[in-house]
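Sequence lines, in order, name chains A and B.
The first sequence begins at 1 in my numbering and counts up one residue at a time.
The second sequence begins at 1001 in my numbering and counts up one residue at a time.
Right, one structure below, let's go through it.
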Amino acid sequence: ETGVTQSPTHLIKTRGQQVTLRCSSQSGHNTVSWYQQALGQGPQFIFQYYREEENGRGNFPPRFSGLQFPNYSSELNVNALELDDSALYLCASSPGHQGGNTIYFGEGSWLTVV
Amino acid sequence: GQNIDQPTEMTATEGAIVQINCTYQTSGFNGLFWYQQHAGEAPTFLSYNVLDGLEEKGRFSSFLSRSKGYSYLLLKELQMKDSASYLCAVRDLSGYSTLTFGKGTMLLVSP
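Below, the structure written as structure tokens:
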């Protein structure tokens, strides 16, 4: 148990639709990052939020957007879904300082785009 | 940018020892992580190295050489449940929890 929870666990969407994925970080963790993991690949960094501000972004188009709330929970929104967006979406939380090893992942949300 | 390289697959026998290597190139280094990921599940934290040397935690150990851009994960007394993908990830200086992952090493443990 990492204390990081994600919802929904599985969902199926149609190409062109929009999806919102949710993450509750571990208590005391004010930094949340989102990753996309395609089948057979390592996770790829999408973006990171620290105290409700985006402070880092990977090589993903603007249709991938996010929010972080005052309680440090977070959302990942993907617009205009494409078939290649089918993947496991992982949320990771940490206490927000650069040192240390406390980066924990949630169980992930499996997204299938048809 | 960063580049992480690790073998795609490895096989080993129950009770044996296996070493999974990881090499990396990064513009700024702030720690190396190893995660275990079973099929269909999220990555589980195994180890963290930020200084050179060996970190031991039960059956698992991890080694880091920053000058060589090299790490390995050592698994002793292999069990069937150790069959999983092992992910090497490097954190740079750009963010608090921004990790760059390798593609993972699929380890198959046979009886």
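Glycine residues also receive a C-beta, built at the ideal position from the N, C-alpha and C atoms.
**Message:** Taking the alpha carbon of A/Ser24 as the reference point, which residue from A/Leu88, A/Leu111, A/Thr112, A/Leu76 has its own alpha carbon closest?
**Reply:** A/Leu76
**Request:** Please compile the residues from chain A whose C-beta is within a distance smaller than 7 Å of the C-beta of B/Ala1042.
**Result:** Leu90, Phe105, Gly106, Glu107, Gly108
**Message:** Check whether chain B comes within 7 Å of A/Pro61, counting only Cβ atoms and requiring the distance to be less than that.
**Reply:** no
**Message:** Against chain B, does A/Ser65 count as a neighbour if the rule is that its beta carbon must be under 7 Å from one of theirs?
**Reply:** no
**Asked** What residue does the beta strand (DSSP E) around B/Lys1057 start on, and which one ends it?
**Response** 1053-1057
**Prompt:** Excluding the five sequence neighbours on either side, which residues of its own chain have a C-beta within less than 7 Å of the C-beta of A/Asp85, listed in chain order?
**Reply:** Val78, Leu111, Val113
**Message:** With a threshold of 6 Å on Cβ separation, who are the neighbours of B/Phe1033 within its own chain once the five nearest residues in sequence on each side are excluded?
**Reply:** Tyr1048, Ala1089
**8 Å contact criterion, which B/Asn1021 and B/Tyr1086 should meet: CB distance rounded** = Between B/Tyr1086 and B/Asn1021 the Cβ distance is about 11 Å, and since that is not below 8 Å, they are no contact.
**Message:** Which residues in chain B have a C-beta closer than 8 Å to the C-beta of A/Pro8? List them in chain order.
**Reply:** Residues of chain B passing the Cβ test: none, with the nearest at roughly 14 Å.
**Item:** Among B/Arg1091, B/Thr1105, B/Lys1103, the one whose alpha carbon lies nearest that of B/Gly1028
**Value:** B/Arg1091
**Message:** Using 8 Å for Cβ pairs, my map puts A/Gln26 next to A/Tyr89. What's the rounded Cβ distance?
**Reply:** Incorrect: roughly 18 Å between the Cβ atoms, too far for contact.
**Request:** Using a Cβ cut-off of 9 Å, pull out every chain B residue sitting near A/Leu45, in sequence order please.
**Result:** In the sequence as displayed, the identity of residue 45 of chain A is Phe instead of Leu. Under the 9 Å cutoff, chain B gives Gly1095, Thr1098, Leu1099, Thr1100, Phe1101.
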